[in-house]
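All remarks here apply to the structure that follows.
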Amino acid sequence: MNREIKFRLRLDDKIVGYVKWYSGERAQDEHQPDGVLYWRAEPCWLYSEDGEYWNPSEIFHNHKDEFTGLKDKNGVEIYKGDIVKRNGRNLEVYWHQFTACWRITGHTSTTKGDMALMCEVIGNILEHSHLLEVK
Numbered sequence: 001m002n003r004e005i006k007f008r009l010r011l012d013d014k015i016v017g018y019v020k021w022y023s024g025e026r027a028q029d030e031h032q033p034d035g036v037l038y039w040r041a042e043p044c045w046l047y048s049e050d051g052e053y054w055n056p057s058e059i060f061h062n063h064k065d066e067f068t069g070l071k072d073k074n075g076v077e078i079y080k081g082d083i084v085k086r087n088g089r090n091l092e093v094y095w096h097q098f099t100a101c102w103r104i105t106g107h108t109s110t111t112k113g114d115m116a117l118m119c120e121v122i123g124n125i126l127e128h129s130h131l132l133e134v135k
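Position 101, counted from 1, in the sequence shown is what the UniProt record's numbering calls 101; the numbers after and before it change by one each time, with no gaps.
Laid out in structure tokens, this is it:
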């Protein structure tokens, strides 16, 4: 599987860390004639407080925001509930169930290229909801 399975962790409205799936590492046993595979590193969930250093120690949380697999024009990862600026407007990122794709409010289609070239993450709906207020 090529898609990175990753979530932003929250305790109520505060971001407390991240979790991602590590699919493990398989290797061949050099001492076996038939090249038997074994787990060099077991699959597991890895946790990080800063998104840089990962380990299997769980981080207490009560909500998860899914990683979209997309990055903005600055290379910042985009999660469900993020607020992005596009063409001078602040818009929310959400999952559209019917079309089974990530979208931003007010746009019927948002491509990976749109996100990478035209959008900038400026906050998230829980910590920065004021960014979506109509002036």
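Every residue, glycine too, gets a C-beta built ideally from N, C-alpha and C.
Contacts around residue i, its chain only, beta-carbon distance under 6 angstroms, and the 5 residues preceding and following it disregarded
i: Thr105; result: Leu91 and Glu92
i: Lys123; result: First, the amino acid is wrong: residue 123 is Gly here, not Lys. These residues qualify, in order along the chain: Ile83 and Leu131.
i: residue 188; result: Examination of residue 188 is not possible in this model, given that the chain is present from 1 through 135 alone.
i: Asp34; result: none
Cβ distance (whole Å) where residue i is taken to contact residue j below 8 angstroms
i: Asp72; j: Cys119; result: 5 angstroms
i: Tyr18; j: Arg8; result: 6 angstroms
i: Trp39; j: Leu46; result: The Cβ separation is near 16 angstroms, so there is no contact.
i: Ala41; j: Glu25; result: 4 angstroms
Pick from the options that is closest to residue i, judged by C-alpha positions
i: Lys80; options: Arg86, Gly88, Gly69 and Glu25; result: Gly69
i: Ala116; options: Arg86, Ile125 and Thr99; result: Arg86
i: residue 141; options: Asp114, Gly113 and Asp65; result: Residue 141 cannot be examined here, being either before or after the span of the chain that is shown, 1 to 135.
i: Leu16; options: Asp114, Arg89, Gly113 and Asp50; result: Note on identity: in this sequence residue 16 is Val, with Leu being the wrong assignment. Among Asp114, Arg89, Gly113 and Asp50, the Cα nearest to that of Val16 belongs to Asp50.
i: Pro43; options: Pro33, His31, Pro56 and Asp34; result: Pro56
i: Arg89; options: Phe98, Thr99, His107 and Gly113; result: His107
Neighbourhood of residue i by C-beta, 7 angstroms cutoff - its chain only, sequence neighbours within 5 removed
i: Val121; result: Asp72, Val76, Ile78, Asp82 and Val84
i: Glu4; result: Lys20, Phe67 and Gly69
Cβ-based neighbour list, residue i, same chain, cut-off 8 angstroms, excluding 5 preceding and 5 following
i: Leu11; result: Phe60, His61, Asn62 and His63
i: Asn74; result: Glu120 and Val121
i: Val36; result: Gln28 and Asp29
i: His128; result: Ile83 and Ile122
Report the residue ranges of all beta strand (DSSP E) runs contained in full by the stretch 73–128; include only those spanning at least 3 residues, in chain order. With a minimum length of 3 residues, the continuous beta strand (DSSP E) runs that stay inside the stretch 73–128 are 77–79, 82–86, 89–96, 101–104 and 119–124.
Quick check for students: name the residue ranges of the beta strand (DSSP E) that lie wholly in the stretch 8–55, counting only runs of 3 or more. Under the rule that a run must span 3 or more residues, the beta strand (DSSP E) segments found entirely inside the stretch 8–55 read 14–22, 25–28, 37–41 and 44–48.
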